[in-house]
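Here the structure comes first, spelled out in structure tokens, and everything after it is commentary.
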Amino acid sequence: MTTKLCRIVLLLLLISVLQSCSTSTSNKNKSLKKIADPRADSIALLYNPEKANKRIDAFMKELHRKYAFNGNVLVAKKGKIIYESAIGWADHLHRDSLKINSVFELASVSKPFTSTAILMLMEDGKLRLDQNVKEFFPNFPYEGITIKLLLTHRSGMMNYVYFTDNIWKSEKRDERKGITNEDVMELIAKYKPAPYSKPNTRFHYNNSNFMVLAAIIEKVTGKPYAQFMKERIFVPAGMKNTAVYSKAVYDKIPVDVVGHDRNWRRSVAQNFLDGPVGDKGIYSTIHDLYLFDRAMRKSKLIKEQTQDSAYAPSNPKEKGYFNYGYGWRIFEDSGHKVVYHTG
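The sequence shown begins at -19 in the working numbering and counts up by one.
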């Protein structure tokens, strides 16, 4: 990539992936349609625990001892894994330990995947970033909201999580069955909840933006978000243990890693808000996140120039150290751009 990235960091509540800078220009002319070599993925994931970085190992053990860090960690440098570890519980109440291939809910780390899908469709000529949401959903009640404003959290929309939660509680609806993105779009059209601000006047991080983007992906492709992501991102990147799970499809999300409260007294229950996807809904492993990073660095998914646009700060008036691009958080560290997302 022309933009030198010190590292791409994907952070979750229970999982973190930190990867060191490895800029490559040798793949510029390779076809984006190239079929992934599964042997290459296997070689990339080779790791010798006896050669683990001792400083990182000591640091992670200290985090676990002092602050009860719980999760899986992978650190790579120049395309090579130098440390990985599974620390703590997958399910504390049932005393089930984490494994290195444990599948986690990515939560908001799903957003970079959604933005990548949108940029793919832009490259395919299926949509433009300056297109208004009303072109896809005529009953959408807000004027002036474009795809770009959704990507950069500048739409001014209300947060659908709070809006729908209030409806479910006031109308005593069944909280066990998940709702779809289409359901939420219909609720927004029906109730017309007041926006937080006018479009493109301020940055406001909001799950509604990426829920709408996933709805647009489904509208444009005629496919479920889960199917499109599998066909265009997960399979090409070699991510064999990654999938989109929605409570609208599954009565119980089929993963073994369970979230807990801070005191480990109860697990986090799934409900109807685990139905919408795009802002969340992707489940993956640290190895698959590493393969996603490799695929992005090699421009297997979207073009290098398109990636650079996603990593450009889109909120110039935002004060402070951090900024936001197209589905990526950004900050500068000693002259190097750091691109990441939290979960």
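The beta-carbon is built from N, C-alpha and C at its ideal position, and this holds for glycine as well.
Item, Value
"CA-to-CA distance, M40 to A70, given in whole angstroms", "17 Å"
"Cβ-based neighbour list, F190, same chain, cut-off 6 Å, excluding 5 preceding and 5 following", "K91, T94, G258, D259"
"Segments of 4+ residues assigned as alpha helix (DSSP H) that fall wholly inside the region 70 to 134", "90 to 103, 127 to 131"
"Complete runs of the alpha helix (DSSP H) confined to the region 157 to 239 [at least 4 residues]", "161 to 171, 187 to 201, 205 to 209"
"Cβ shell of D268 (< 6 Å), same chain only, five flanking positions each side left out", "M219, N221, T222"
"Paired residues, beta bridge with K57 - DSSP", "K60"
"P173 classed as buried or exposed, judged by whether at least 16 other C-beta atoms fall within 10 angstroms", "buried"
"M150, DSSP secondary structure in three states", "Per the sequence shown, the amino acid found at residue 150 is Ser instead of Met. Three-state result, S150: helix."
"Alpha-carbon spacing of I62 relative to V164, whole angstroms", "43 Å"
"DSSP three-state assignment for S247, whether helix, strand or coil", "strand"
"I282 in three-state terms, based on DSSP", "coil"
"Start-to-end residues for the alpha helix (DSSP H) that takes in F252", "Segment: none, F252 is in no alpha helix (DSSP H) and carries neither H nor E."
"Buried versus exposed call for S192 [16 or more other C-beta atoms within 10 Å across all chains shown]", "The sequence as given places Val at residue 192; Ser does not occur at that position. Its Cβ being crowded by 16 or more others within 10 Å, V192 is buried."
"Per DSSP, cross-strand counterpart(s) of I262", "V224"
"For N303: DSSP bridge partner residues", "I310"
"L269, DSSP secondary structure in three states", "helix"
"Chain-order list of residues whose beta-carbon lies under 6 Å from that of G124 (same chain, five-residue window excluded)", "P179"
"Exposure of S135, with buried meaning 16 or more beta-carbon neighbours within 10 Å", "buried"
"Reduced DSSP secondary structure (H/G/I, E/B, other) of A292", "coil"
"T81, buried or exposed, once every other Cβ within 10 Å from all chains shown has been counted against 16", "It is Asn, not Thr, that sits at residue 81 in the sequence shown. Classification of N81: exposed, given that the 10 Å Cβ count is below 16."
"Whole-number beta carbon distance between V229 and F84, since they are thought to touch under 8 Å", "So it is not a contact: roughly 19 Å between Cβ atoms."
"Coarse secondary structure for Y27, derived from DSSP in three states", "coil"
"Rounded straight-line distance, which links the Cα of K203 to that of M209", "10 Å"
"Any chain C beta carbon closer than 8 Å to F302", "Although the question refers to chain C, the structure presented lacks it and comprises just one protein chain."
"Chain-order list of residues whose beta-carbon lies under 8 Å from that of F49 (same chain, five-residue window excluded)", "M40, L43, I67, G68"
"Cβ neighbour criterion (16 or more within 10 Å) applied to P29", "exposed"
"Endpoints, alpha helix (DSSP H) assigned at E42", "34 to 47"
"Touch test, the region 309 to 323 against the region 288 to 298, Cβ-Cβ under 8 Å, three pairs minimum", "yes"
"Per-residue DSSP class, three states only, for V257", "coil"
"Top-ranked residue by Cα proximity to R274, from D241, P216, A290", "P216"
"CA-to-CA distance, S150 to E284, given in whole angstroms", "48 Å"
"Alpha carbon of Y47 to alpha carbon of R242, nearest angstrom", "11 Å"
"D241 in three-state terms, based on DSSP", "coil"
"A195 beta carbon less than 8 Å from that of E349", "With the chain covering only -19 through 323, there is no way to say anything about residue 349."
"Exposure of K170, with buried meaning 16 or more beta-carbon neighbours within 10 Å", "exposed"
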